[in-house]
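The next block holds one structure in the form of structure tokens; read it before the comments.
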Amino acid sequence: MTIAVSPSEPTVTPVQPAERIQTIDVLRGFALFGILLVNMAIFSYPFQAVLFPTPPGTPWHDRIAIWLIHFLGEGKFYSLFSLLFGLGMVLLMERIERRGRRFVPFYARRLLVLLGIGVVHAFLIWPGDILIFYALLGFPLLLFRKAKPRTLLIWAVILIAIPILLMALMTGLVVLGKSVPEAAQQIEQSFAVAEAGYRADFARAEQVYATGNFVEITAQRVYDYLSMGLTSFFVLGFNILAMFLLGAYFARRRIFKELESHRQLFRKLLFWGAIIGLLGNAIYATLIMDLPRYEPTPELLIATVAQGVGAPLLMLCYVSAICLLALHPTWGRRLQILAPVGRMALSNYLLQSIICTLIFYGYGLGLFGKVGAAWGIVLTLGIYLLQIPLSHWWMSRFLYGPAEWLWRSLTYGTRQPLLNRQA
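When we follow the UniProt record's numbering, the leftmost residue of the sequence shown carries the number 1, and every step to the right adds one.
Structure, rendered in structure tokens:
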């Protein structure tokens with residue numbers, strides 16, 4: 001695992017604990033809770049379930065839970081995690097270039113290692129992986145590494161707008177096509193065929209994940225990722241890259257390094273993020289409950305616009321609330337409970353997948369398809385409340401989480417120390 005380094009070339013070393021920005025770790029820890037909350041539905045039901053309206057016979061408490069997850073969770077926490085990824089790229093670049101080392105080859109190697117971890121995660125653990133997307137989109141992010149803050153912000157807005165405009169175009173074409181009797185029948189037939197295919201995939205996945213062995217489930221994982229996961233890349237990719245750029249903007253503006261001087265900005269984001277974000281996400285959550293996602297309709301377009309605008313703003317509302325609390329001495333200390341969770345965010349993300357697949361899949365407890373959304377929230381709280389003390393225990397003894405240690409060792413080209421000698 002050792003790569004030769006020229007004696008004249010400055011050595012790059014991992015970020016030391018003293019160099020970390022604690023608020024960023026707190027935000028990562030908070031994001032992990034929301035990611036688990038939203039992912040629980042895909043852990044416990046087939047990936048294809050996201051395409052269909054909420055089933056008519058769903059119990060009232062599960063309908064409320066599903067609505068709340070759409071309202072407060074969906075689209076907000078992967079956006080926050082993405083923002084922090086983009087921010088981390090700029091902070092890492094500044095640190096490496098201060099040491100006189102070339103950043104692009106180093107970061108490209110870092111992304112390739114992350115890609116490998118993502119492939120293992122998607123194919124051998126859980127097909128809802130986001131790491132592959134991050135690794136692939138990290139390369140276009142490099143093109144913006146020297147961009148000015150204004151440029152980053154403009155491109156972030158453009159990228160957020162692209163999927164909304166594409167949805168508007170598709171919806172317009174479908175509505176226009178349905179106005180022609182001959183075309184209307186063909187369009188309806190094509191959507192009926194698509195629905196039948198998705199429902200067949202749903203039924204097969206439901207059976208395999210609930211009763212299959214590891215080999216059978218792995219084959220299903222690969223199929224689901226290649227059919228559903230990669231398709232979602234084109235849906236989520238623009239937004240993820242937009243959040244990368246927004247995170248780079250935050251880094252350029254030194255917003256997390258200088259919380260006090262940006263207090264007024266946080267107050268504005270908290271206010272407008274709450275007003276517009278809550279309204280937009282309420283509209284989205286209410287509409288999406290009863291809409292299929294595979295058929296462009298005016299109602300789905302409204303939901304897409306509402307979430308496309310509302311989700312990033314509500315995410316920024318969350319960020320601002322945490323940053324303002326971090327400026328308060330008492331609340332700042334209380335929030336530190338989440339910092340160790342965020343310091344080993346990659347390990348905790350992978351651990352969530354391992355725990356949940358062992359709970360739901362056939363080679364584990366076999367509860368797939370048997371846990372509704374309401375109990376899913378309870379399970380999310382239980383798992384996360386276990387991760388907090390586990391993270392504190394681990395980080396009090398080791399310098400990095402196990403997955404972070406592997407990622408760093410492969411990236412830096414040499415085995416990194418793991419044990420905390422000061423513990």
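Positions of the beta carbon are idealized from the N, C-alpha and C atoms, including for glycine.
Run the CB neighbour count on residue i, radius 10 Å, all protein chains shown included, and call it buried at 16 or more, exposed below.
{"i": "T304", "result": "buried"}
{"i": "S8", "result": "Because S8 sits at a pLDDT of 38, beneath the cut-off of 50, its placement in the model cannot be relied upon, and the point is left open."}
{"i": "H61", "result": "exposed"}
{"i": "P59", "result": "exposed"}
{"i": "I275", "result": "exposed"}
{"i": "H262", "result": "buried"}
{"i": "Q48", "result": "buried"}
{"i": "L143", "result": "exposed"}
{"i": "R98", "result": "exposed"}
{"i": "S190", "result": "exposed"}
{"i": "I64", "result": "exposed"}
{"i": "D224", "result": "buried"}
{"i": "N213", "result": "exposed"}
{"i": "V174", "result": "buried"}
{"i": "S396", "result": "exposed"}
{"i": "V357", "result": "The displayed chain sequence assigns Thr, not Val, to residue 357. Under this definition T357 is a buried residue."}
{"i": "T11", "result": "Model confidence at T11 stands at a pLDDT of 49, short of 50, so the residue's coordinates are unreliable; what they give is reported in the following sentence. Exposed."}
{"i": "W405", "result": "buried"}
{"i": "F234", "result": "exposed"}
{"i": "A192", "result": "exposed"}
{"i": "S44", "result": "buried"}
{"i": "I255", "result": "buried"}
{"i": "R415", "result": "exposed"}
{"i": "R102", "result": "exposed"}
{"i": "P105", "result": "exposed"}
So, helix, strand or coil for residue i, using DSSP?
{"i": "L27", "result": "helix"}
{"i": "F191", "result": "helix"}
{"i": "L418", "result": "coil"}
{"i": "F360", "result": "helix"}
{"i": "F250", "result": "helix"}
{"i": "F398", "result": "strand"}
{"i": "F368", "result": "coil"}
{"i": "G413", "result": "coil"}
{"i": "K148", "result": "coil"}
{"i": "Y45", "result": "coil"}
{"i": "L269", "result": "helix"}
{"i": "L346", "result": "helix"}
{"i": "L153", "result": "helix"}
{"i": "F244", "result": "helix"}
{"i": "I132", "result": "helix"}
{"i": "L385", "result": "helix"}
{"i": "E258", "result": "coil"}
{"i": "I158", "result": "helix"}
{"i": "I21", "result": "coil"}
{"i": "L143", "result": "coil"}
Going straight from the alpha carbon of residue i to that of residue j, what length do you get?
{"i": "L327", "j": "R293", "result": "41 Å"}
{"i": "N239", "j": "F133", "result": "11 Å"}
{"i": "V113", "j": "W407", "result": "6 Å"}
{"i": "T171", "j": "A210", "result": "36 Å"}
{"i": "L84", "j": "F271", "result": "21 Å"}
{"i": "L338", "j": "I302", "result": "36 Å"}
{"i": "L51", "j": "L259", "result": "40 Å"}
{"i": "Y412", "j": "G138", "result": "18 Å"}
{"i": "G372", "j": "L410", "result": "40 Å"}
{"i": "L226", "j": "T23", "result": "36 Å"}
{"i": "L131", "j": "R267", "result": "32 Å"}
{"i": "K146", "j": "L115", "result": "24 Å"}
{"i": "R421", "j": "W394", "result": "13 Å"}
{"i": "A203", "j": "G332", "result": "48 Å"}
{"i": "L314", "j": "G273", "result": "5 Å"}
{"i": "P298", "j": "T286", "result": "14 Å"}
{"i": "P181", "j": "G237", "result": "36 Å"}
{"i": "V5", "j": "Y107", "result": "Reliability fails at V5, whose pLDDT of 40 lies under 50, so the model's placement of it is uncertain and the value that follows must be treated cautiously. Approximately 16 Å, taken between the alpha carbons."}
{"i": "K257", "j": "A251", "result": "8 Å"}
{"i": "A219", "j": "R150", "result": "46 Å"}
{"i": "A183", "j": "R199", "result": "24 Å"}
{"i": "L246", "j": "L269", "result": "14 Å"}
{"i": "F244", "j": "N281", "result": "21 Å"}
Query raised in the report: Given 8 Å as the limit, is there contact between the segment 63 to 70 and the segment 117 to 127, that is, 3 or more CB pairs closer than that?
Result: With the cut-off at 8 Å, the segment 63 to 70 and the segment 117 to 127 do not touch.
**Report entry** Uninterrupted beta strand (DSSP E) stretches inside the segment 171 to 242 (no shorter than 3 residues)
**Finding:** none
**Report entry** Stretch-stretch touch, CB-based, cutoff 8 Å, three pairs: the segment 72 to 86 with the segment 22 to 29
**Finding:** Short answer: they touch.
**Report entry** Every unbroken alpha helix (DSSP H) inside the segment 282 to 338 [4 residues or more]
**Finding:** 298 to 326, 329 to 335
Report task. Tell me, please, whether the segment 307 to 316 touches the segment 158 to 175 by the rule of three or more beta-carbon pairs shorter than 8 Å. Result -> yes
Query raised in the report: Is the number of C-beta pairs between the segment 380 to 390 and the segment 94 to 110 that are closer than 8 Å three or more?
Result: no
Query raised in the report: What are the complete alpha helix (DSSP H) segments, minimum 4 residues, inside the segment 50 to 128?
Result: 60 to 68, 77 to 98, 103 to 124
Query raised in the report: Okay, do the segment 370 to 387 and the segment 149 to 161 touch, 3+ Cβ pairs below 8 Å being the bar?
Result: no
Report task. May I ask you to verify whether the segment 314 to 324 touches the segment 347 to 358, counting CB pairs closer than 8 Å and requiring at least 3? Result -> In this structure the segment 314 to 324 does not lie against the segment 347 to 358, because fewer than three pairs of beta carbons, one per stretch, are closer than 8 Å.
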